[in-house]
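J.: Dumping the structure here so I can ask a few things about it.
Numbering (this note's numbering), first residue to last: 7 to 107.
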């Protein structure tokens with residue numbers, strides 16, 4: 007779900023993404039159960055002439071979560087001896103610059 011606003015060359019967007027609990031799993035495949043989560047992303051962009059500058063933040067609140075289809079972290083198993091889901095990405099800040107020609 008997202009909320010977007012434009013005013014002249016300025017564009018803003020806030021997005022909410024969510025996933026429900028994953029509790030229907032196949033234990034013979036070591037498929038992990040994961041808790042539901044919600045993530046907030048935000049973006050602001052400004053365009054003028056043929057240029058565009060963008061600033062975006064994914065997982066703005068730095069929510070710790072496990073992606074339902076992420077699988078098992080085998081790297082962690084070697085270090086800890088425990089199978090656990092692959093963690094989702096933390097906060098990411100991205101800057102972009104574009105030119106149309």
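Ideal placement from N, C-alpha and C gives every residue a C-beta, glycine not left out.
From a predicted model like this one, the values you see are computed outputs, not experimental measurements.
#1: For residue 103 and residue 25, I'd like the C-alpha separation in whole angstroms.
#2: Between which two residues does the beta strand (DSSP E) carrying residue 47 extend?
#3: With a threshold of 16 other CB atoms inside 10 Å of the CB of residue 40, please say whether the residue is buried or exposed.
#4: Near residue 83, which residues of its chain fall below 6 Å by C-beta distance, leaving aside the five closest residues on each side in sequence?
#5: Using DSSP with H/G/I as helix, E/B as strand and the rest coil, what is residue 81?
#6: Rounding to the nearest angstrom, what Cα-Cα distance links residue 79 and residue 91 in this structure?
#7: Measure how close the beta-carbons of residue 52 and residue 15 come, nearest whole angstrom, since I'm counting them as under 8 Å.
#8: Along the chain, where does the beta strand (DSSP E) containing residue 20 start, and where does it finish?
#9: Spatial neighbours of residue 77 within its chain, please: CB distance less than 6 Å, with the 5 preceding and 5 following residues excluded, ordered by chain position.
#10: Which residue's Cα is closest to the Cα of residue 98: 57, 7, 46 and 65?
T.: In this structure, then:
#1: 31 Å
#2: 43-54
#3: buried
#4: 89
#5: helix
#6: 6 Å
#7: 5 Å
#8: 16-25
#9: 92
#10: 65
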